[in-house]
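Enquirer: Residue numbers (my numbering): 11 to 274. Built from N, CA and C at the ideal position, the CB exists for glycine as well.
Here's what the structure looks like:
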């Protein structure tokens, strides 16, 4: 719940929340160090290499979370491009055959209109467009009609049907990525490990307060930058920099342009 609210914020607030969190962590550590000087002084023999394991665990988990976010972003881009390629291929195949496939092109245009005009906005809430699903269903029914084999030939019918099925598969991949929910446990683990690393840095520099503050501040700035960038890519279709519907809009515009050219 907290993670979802945080990821819904604008860029400056995402980084601002991280800065506030790490600032509070540093403040708590300094407060404990000042209020319990006797106990803290007894920990002065801690040597830096013994805390390397904490930073290693943090680095490994950060790399895993970053790779997961960027891979999901790449999958989203590929799904949209595959959907665009499928739509263009269906349109081209409908023109390449000798039979009249105006109905298929009409269903395809209705599908693209529903996706661009309605479904793209609904995906931000993890929802789909019933109108897009209906248009895709009508497109599949029209492509699977037995008369297509008779009029266009079996090879053309098979190619058309396979292309429509790939289009439907690409839409399914896109919706699956849009409905993906972020794993809060991995982000919580990242925060815990980052706080433990702050504690480790503080323990290593117990006898040098300025060096302690410098080390913790530099580490906090590095983690704020890294976690903020990862958060921007955590949800590919619902975030500060979502994947654009431009490829589908370009395909839609190209088809409309060809229709107008043919009408002249």
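Along the chain, where does the alpha helix (DSSP H) containing residue 279 start, and where does it finish?
Expert: Beyond the ends of the chain as shown, which are 11 and 274, falls residue 279; an answer cannot be given.
Enquirer: Kindly indicate which three-state DSSP category residue 85 falls into: helix, strand or coil?
Expert: Looking at residue 85 - three-state DSSP - the assignment turns out to be helix.
Enquirer: Look at the alpha carbon of residue 20 and the alpha carbon of residue 168, and state the distance between them as a whole number of angstroms.
Expert: 47 Å
Enquirer: Quick check: the Cα distance between residue 39 and residue 80, rounded to an integer number of angstroms?
Expert: 33 Å
Enquirer: Out of 184, 265, 237 and 250, state which residue places its alpha-carbon closest to the alpha-carbon of residue 29.
Expert: 237
Enquirer: I need the DSSP call for residue 255, collapsed to helix, strand or coil.
Expert: Of the three classes helix, strand and coil, the one that applies to residue 255 here is coil, per DSSP.
Enquirer: On a CA-only basis, which of 207, 196, 205 and 145 is nearest residue 181? Give me that one, please.
Expert: 145
Enquirer: Around the Cβ of residue 22, are there at least 16 other Cβ atoms within 10 angstroms (buried) or fewer (exposed)?
Expert: Under this definition residue 22 is an exposed residue.
Enquirer: Would residue 17 and residue 245 qualify as a contact pair, given that the criterion is a beta-carbon distance under 7 Å?
Expert: Yes, the Cβ-Cβ distance between residue 17 and residue 245 is below 7 Å.
Enquirer: Whose C-beta lies closer than 8 Å to the C-beta of residue 75 among residues of the same chain, with five residues either side of it excluded?
Expert: 196, 197, 200 and 240
Enquirer: So the candidates are 160, 119 and 190; which of them puts its Cα closest to the Cα of residue 147?
Expert: Taking the Cα of residue 147 as reference, the smallest distance to any Cα among 160, 119 and 190 is reached at 119.
Enquirer: How long is the line joining the alpha carbons of residue 178 and residue 89, rounded to whole angstroms?
Expert: 11 Å
Enquirer: Taking the alpha-carbon of residue 93 as reference, which of 73, 113, 77 and 122 has the nearest alpha-carbon?
Expert: 122
Enquirer: Indicate whether residue 7 and residue 150 have their beta-carbon atoms separated by less than 7 Å.
Expert: Because the chain here runs from 11 to 274, residue 7 falls outside it and cannot be looked at.
Enquirer: How about residue 139 and residue 152: are their beta carbons less than 7 Å apart?
Expert: no
Enquirer: When we look at the beta-carbon of residue 33 and count the other beta-carbons within 10 Å, is it buried (16 or more) or exposed?
Expert: exposed
Enquirer: Starting from residue 201, follow the alpha helix (DSSP H) in both directions and report where the run begins and ends.
Expert: Following the DSSP letters along the chain, one finds residue 201 inside the alpha helix (DSSP H) bounded by residues 194–214.
Enquirer: If we ignore side chains and look at the alpha-carbon of each, how far apart do residue 286 and residue 229 end up?
Expert: Only positions 11 to 274 of the chain appear in the structure, and residue 286 is not among them; the question remains open.
Enquirer: Decide yes or no for the touch test of the region 256–267 against the region 93–102: beta carbon pairs closer than 8 Å, at least 3 of them.
Expert: Counting Cβ pairs under 8 Å, three or more are found: they touch.
Enquirer: Should residue 210 and residue 64 be called a contact, given that it needs their Cβ atoms to be closer than 7 Å?
Expert: yes
Enquirer: By Cβ distance below 7 Å, which residues in the same chain neighbour residue 68 in space, the five residues on each side in sequence not counted?
Expert: 203, 204 and 207
Enquirer: Helix, strand or coil: which one does DSSP assign to residue 111?
Expert: coil
Enquirer: Nearest to residue 266 by alpha carbon, out of 194, 116 and 134?
Expert: 116
Enquirer: Residue range of the alpha helix (DSSP H) that residue 172 falls in?
Expert: 164–188
Enquirer: Give the DSSP-derived three-state secondary structure of residue 191 in the structure shown.
Expert: coil
Enquirer: What is the C-beta distance between residue 136 and residue 91, in whole angstroms, given that I count them as a contact (C-beta under 8 Å)?
Expert: Incorrect: roughly 22 Å between the Cβ atoms, too far for contact.
Enquirer: Note down, in chain order, each residue of its chain lying with its Cβ closer than 8 Å to the Cβ of residue 226, except the 5 sequence neighbours on either side.
Expert: Closer than 8 Å at Cβ, skipping near neighbours: 36, 39, 208, 211 and 212.
Enquirer: Under the rule that 16 or more other beta-carbon atoms within 10 Å means buried, what is residue 222, buried or exposed?
Expert: buried
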